[in-house]
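The structure appears below as structure tokens.
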Amino acid sequence: MKWLIVNADDFGISSRRNAGIIEAHVTGVVTSASLMAYAPAFREAVKYAKACPKLDIGIHLNLSDGEPLVLGHKTLVGPDGNFWGKQEARRRAKEGLMNLGEVERETDAQIDVLQQAGLKVTHLDGHQHIHIFGSLPDPISRAASKRGIRHFRCPADKIRPPVEISPDKMTRLEEYRTAAHRATEVYAGMKMRCTEHFVGIGLSGYLSLENLLTAIKQLPEGLTEIMTHPGYPDTPGGFSGPDREIELRALTDPRVKTLLKQEKIELTHYGKL
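For what it's worth, this note's numbering labels the leading residue of the sequence shown as 1, then goes sequentially.
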């Protein structure tokens, strides 16, 4: 059998991203969304989630962008009190420069925000995959397990995307695989599960209808998560640009559901596991 979770990341980032995620769920194949605590459109996302009870909700843990929820961090933030940013946060995580007690307190606080909002949080993934680097899986898995979260993302792409990959991106894919496999042992020690297969990093920026259909045809037996970022563009270019709507149109195209039926692939989500 083949089962597929289609997860939309960055729920709560903006109203236009929220609208796209909900459209991709209601009329398309998105079964799950990862919500960032107190992101700019967080309250709106919570309302959407409660209005769509079949949309599975996870936490999109943020330790790299903007302000933390917990005051007084010494190692998670820079002089301005904000997180360090993607590259510096990742470097500090890998080099053991983040206090693990601070990481656990911040993780606990972010999960608490979602649960206090009345949402059932079934899984955890990290904004920019921060949850797999260095020793961070230890405190993150403790906080998640304590809060009753039993699933996490293992971002180890196993399916080669139907596009040419630059050497730099291939190096990043290998880094993710290595870190993800190490992290899996830690999360498993806290009785947290991941899917058997993952697709998404290699397709980032290339999730057109054609490439999505090709990826679906390549899915192996077992349970797979496809990571997506649908929405309406907030900016003329960059990650929040037109690629968001290209993904949205791919995920809502009826040919995707037709192919899933032909391939005998059943849509599911973490809450059903």
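Think of the CB as a built atom: it goes at the ideal place given N, C-alpha and C, for glycine as much as any other residue.
If you're wondering where the values come from, they're calculated on a predicted model, not measured in any experiment.
Can you find a CB in chain D that lies within less than 7 Å of the CB of residue i?
i	result
His197	Looking at the structure shown, chain D is missing, and only one protein chain is on hand.
Return yes when the Cβ of residue j is within less than 7 Å of the Cβ of residue i, no when it is not.
i	j	result
Glu164	Leu207	no
Ile130	Leu63	yes
Ser141	Met98	no
Leu114	Ile59	yes
Gly126	Lys94	no
Val6	Ile57	no
Leu273	Lys2	no
Leu55	Ala19	no
His151	Arg193	yes
Gly231	Arg244	yes
Ala188	Ala156	no
Ile149	Leu124	yes
Leu209	Asp168	no
So, for residue i: in the same chain, excluding its five sequence neighbours on each side, which residues have a beta-carbon less than 6 Å away from its beta-carbon?
i	result
Arg147	Ile111
Ala117	Val46
Asp234	Ser14, Arg16 and Ser240
Ala183	Ile132 and Pro137
Leu12	The amino acid occupying residue 12 in the given sequence is Gly; Leu does not appear at that position. Cβ within range, chain order: Leu35, Met36, Ala39, Ala41, Phe42 and Ala45.
Leu4	Thr224, Ile265 and Leu267
Glu263	none
Grab the span of the beta strand (DSSP E) containing residue i for me, first residue to last.
i	result
Ile13	Element bounds for Ile13: n/a, residue is neither H nor E.
Thr268	Thr268 -> no beta strand (DSSP E), and no H or E assigned at all.
Asp56	Asp56 to Leu61
Met35	Checking the sequence shown, residue 35 turns out to be Leu, not Met. Here the beta strand (DSSP E) through Leu35 covers Ser32 to Leu35.
Provide the residue(s) that pair with residue i in DSSP beta bridges, ordered along the chain.
i	result
Thr224	Leu4 and His197
His151	His123 and Arg193
Phe83	Val77
Asp157	Phe198
In terms of residues, what are the limits of the alpha helix (DSSP H) holding residue i?
i	result
His181	Pro167 to Gly189
Ala89	Lys86 to Lys94
Leu212	Leu209 to Lys217
Ala51	Phe42 to Ala51
Pro139	Pro137 to Lys146
Thr107	Leu100 to Gln116
Ala250	Asp243 to Leu251
Thr258	Pro254 to Gln262
In chain order, what residues of the same chain have a beta carbon less than 8 Å from the beta carbon of residue i, not counting five sequence neighbours either side?
i	result
Gly101	Pro139
Leu213	Arg255, Val256 and Leu259
Cys52	Ile22, His25 and Val26
Phe83	Asn62, Leu63, Ser64, Asp65, Gly66, Glu67, Pro68, Leu76, Val77 and Ala89
Tyr176	His129, Ile132, Pro155, Ala156, Asp157 and Ile201
I'd like the list of long-range same chain contacts for residue i, defined as Cβ closer than 7 Å, with 5 residues on each side in sequence excluded.
i	result
Pro242	Pro233
Ala143	Glu104, Thr107, Asp108 and Ile111
Gly81	Glu67
Is residue i near the ligand NAP, in the sense that its beta carbon is under 6 Å from a heavy atom of that ligand?
i	result
His131	Among the ligands in the structure shown, none appear at all, so the ligand NAP cannot be discussed.
Mind the definition here: the stretch 77-91 touches the stretch 232-248 only if three or more C-beta pairs lie below 8 Å; say whether that holds.
no
Tell me whether the stretch 37-45 and the stretch 261-268 touch, counting them as touching only if at least three CB pairs, one residue from each stretch, are closer than 8 Å.
no
Could you tell me whether the stretch 68-83 touches the stretch 19-29, where touching means 3 or more Cβ pairs closer than 8 Å?
no
Given 8 Å, three or more beta-carbon pairs between the stretch 221-233 and the stretch 192-203:
Yes: at least three Cβ pairs fall under 8 Å.
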